[in-house]
Amino acid sequence: MRPARITKIGMRNYKSFGPTYQELDLRPLTVLIGRNSSGKSTLMQALLLLKQTLQHPRQEVQLYLEGPYVESLTLRELAHGWPEKNAAEGWPVITVEWDVPVQTRYTFEKKKDRVQILHRTKPANTRQQSRIEVCFTEHNQRIFASSIRLDAWLNGSSKRTNLPYLQFMTKGDGWYKIESDASLDWPKQVESQSLSHFIPKFLSMFGRSQNREFEIIVAHYEQPMRALVGLLQNLHYLGATRKIPQNIYTAASSPLDDVGISGEYAAQLLHQRHTEQILTLPFVQLPEEGAIRLPRALGLHEQPLLEAVNQVMTELGVRARFSLHEIQDVHFRLLCGQASVQHVGRGIGYLLPVVVAGLIGGGQGTGRTPPLLLEEVDMHTHPKVQSRLAHFFVSLAFAGRQVMVETHSDHMVRRLRRLIARAAPGSEDEQWLMKNVNLVLVEQDERGVTSLKQSSLQPEGDIREYWPSDFLDEAPDEERAIYFAAAQKAETGTPAGPPLDVVHDPADEDETIE
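No gaps in the numbering here: position 81 of the sequence shown is 92 in our numbering, and each next residue is one more.
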C-alpha cells in the first residue's frame, strides 16, 4: 500500500492571501509560476511554518514564528491586512489535506445529521483522506490555535463516506471544548496540554482502554496525525539563494539528510554519503521519431549517490564530472572537472543542491514521500539546462517523489508541454502527465490579493484554463518584434516595429487557452 502523501494545502488571511479561501492541489509535480512578489513563496512558507513549529522542542508552542524558514515578530505581520490587536477575526487559517493508509476494524456511515458505526470482525487496511484546518490567533501578545477542525473520509467508495468530524474550540482559559457528529463518548472539553503544538494528542485525551472508542480514535485520528507530523517534519526545502561553494570543506561530524535552506550542506552531504546506494530512474528521452516513454519499462536502478549525481548532471548538459578529494582525513575538496566548484561558475553552484536534494529525499522506491520544495530552480542556468530540468522533475515524480517547484523559466514549462505532445495518443504516459503535473498561475489583483489558477497539461501540448500571456508568449513576441524591425529597416532605412504595449495588451491578460 502506497505511503501517506499531502494532497492539498489551503489558506486564507495569510500574507497576500485574503479572506477568500484559496486551495492548491499538490500533485507529484506541482509547478508554480507568476510575477515577482505574487505569492508563490507564500504557498511554500505555509508548509514551512508548520514544519518549524512541529520541530520546536516545546510542545506548548502552538505556532513558532522565530524559525529558520519563516521569521516574524508578531502574527499580525503574517496576517492579511494587519488586523487590529486582539481582534476577533482576520487571523490566518491554514489547512492541509493528506492521503493516508489506516488499519481499522470499524468504519462509519452518515445517517441524516449523525454518524453511525459499522462493525468489522477483522482488522482491515484501507485508505483515508484526512484534513486539518487550524485558525491561529494572537491575543495579548500570545499566539495560539483558536480552532482546530479535523475531517476525514474513506477512499474508494462511490460516494465519499464521511467519518466523524472533530473540532476543538478554545475557551480562552487553557481549555478546549470538543464538538463532533459521532455518537461516541467524547469528552466535552480537554486542556491545551492535550495538544502537541497544534496536533491533538488523542492517546493522552482518551487513555489506552481497549474499547471501541479507543480503536476508532487510533485508526481514524491518531494514525493519520502521526503520518502528517512525519510528512511535515521531513519535507525538504531549498530556498532561492545559494551559499557560495568553498574551496576546502570540513567533513560533517553528524549525519546529514538535507542540503540546507541555501544548499550549504550539499557538498558535505555528498561527501558523507557518496558511496550510499540509492534508487534512481533514468530521464525521459525525446527520440528523433516516435513517442516518448516514461521510464517505467527500464525500472529503478541502484547506484552510488556520487555516480547518480554525475549521471543526472550529464543528462542536464553538464559535461564535467564531480569528484571528491580527501585532505588529511578531516577536510576534502569537491571538484567539477579539474577545478573547484567555487571556480566553475554560479550556475553549477546553484544546480548541485537541486540535484542532490532530489536524489536523497526519499520516494524512489523507499516508501517515503516527503515533499521537496524548490525555489528559483532555474537561476543562473543555461536555457538547455532549464529545459532538461523538466525531465529530472518528471522522473522524480514518476518514481514517487512529491516535488513543488517555483520557476520563472518558460523553457521548463515548454518542455513539459513538449513531453506530453510527444506521448502516444491515449497512452498511459499521456494520462500520467495529464493527471500528475499541476501548473499553477499565482497572481495578485490591484488590491494585492493573491489568487490561484490551476491548469493541466493537455494531449496536444496545450494548457487548460488560464495562463499569463506575458510568460509563455515573451520569446515569440520578441522574435516577432525583431522581424518587423528588421523588415522596416531594410525597406525604409529606419528601424521600427509594433509598439511594446501591443505585445502585452492588458486586455489579453489571463486569456483562456483551449
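Glycine residues also receive a C-beta, built at the ideal position from the N, C-alpha and C atoms.
In this structure, T325 keeps its C-beta atom at 8 Å or more from the C-beta atom of G358. With a cutoff of 8 Å on beta-carbon distance, T137 and L165 are scored as near each other. Setting aside the 5 residues that flank it on each side, I210 is surrounded in the same chain by M236 and V240, each with a C-beta closer than 7 Å to its C-beta; the list follows chain order.
Each of E34, G274 and D269 was checked against the Cα of R284, and the nearest Cα belongs to D269. Beta bridge pairing from DSSP links Q139 with V111 and L165. In the DSSP assignment, D440 falls within the unbroken alpha helix (DSSP H) covering E439 to N447. Secondary-structure assignment with DSSP links H312 through a beta bridge to T291. Collapsing the DSSP output to three states places T41 in a strand. Checking the DSSP bridge columns, you'll see V320 has no partner listed. The stretch 441–461 makes contact with the stretch 42–49, as at least three CB pairs between them are under 8 Å.
Sorting A331, V388 and S158 by C-alpha distance to the C-alpha of V414 places V388 at the top.
For the 8 Å CB-CB criterion, F404 and F294 do not form a contact. Shortest Cα-Cα distance from K19 to any of E34, R13 and G29 involves E34.
Three or more Cβ pairs closer than 8 Å define a contact, and the stretch 139–147 meets that threshold against the stretch 99–117. Under the DSSP assignment, R23 falls in the beta strand (DSSP E) whose first and last residues are R16 to R23. Of the residues I289, A278 and S438, the one whose Cα lies closest to the Cα of G360 is A278. The stretch 91–104 makes no contact with the stretch 66–73: fewer than 3 CB pairs, one atom from each, lie closer than 8 Å.
Counting only the Cα atoms, I189 lies some 7 Å from P198. Taking 4 residues as the minimum length, the alpha helix (DSSP H) runs contained wholly in the stretch 202–248 are 213–217, 223–228 and 234–245, in order along the chain. Beyond the five residues adjoining it in sequence on each side, L89 comes within less than 7 Å, by CB distance, of Y25, K26, S83 and P103 in the same chain, given in chain order. The beta carbons of L362 and L427 sit no closer together than 8 Å.
Residues of the same chain with a CB within less than 8 Å of the CB of L86, apart from the 5 flanking positions on each side, are L74, L76, W102, P103, F147, T148, E149 and I154 in chain order. In the DSSP annotation of this structure, M390 is not part of any beta strand (DSSP E), being labelled neither H nor E. Following the DSSP letters along the chain, one finds Q178 inside the beta strand (DSSP E) bounded by residues L177 to T181. For a cut-off of 8 Å, the C-beta gap from Y187 to Q200 is around 6 Å, short enough to register as a contact. Going by beta carbons, T286 and Q314 fall outside the 8 Å limit.
Going by C-alpha positions, V355 is about 29 Å away from Y80.
Residue state for A497 is assigned as helix, using DSSP reduced to three classes. In this structure, the beta-carbon distance from A368 to G348 does not fall below 8 Å. Judged by beta-carbon spacing, L317 lies beyond the 8 Å limit of F343, meaning their Cβ atoms are not closer than that value. Rounded to whole angstroms, the separation of the alpha carbons of V416 and G78 is 22 Å. Taking 8 Å as the cut-off, the beta carbon of R46 is found no closer than this to the beta carbon of E386.
Per the DSSP secondary-structure output, A90 pairs in a beta bridge with Y25. Per DSSP, the unbroken beta strand (DSSP E) holding S462 starts and ends at T461 to S467. Judged by DSSP in its simplified three-state form, S83 adopts coil rather than helix or strand.
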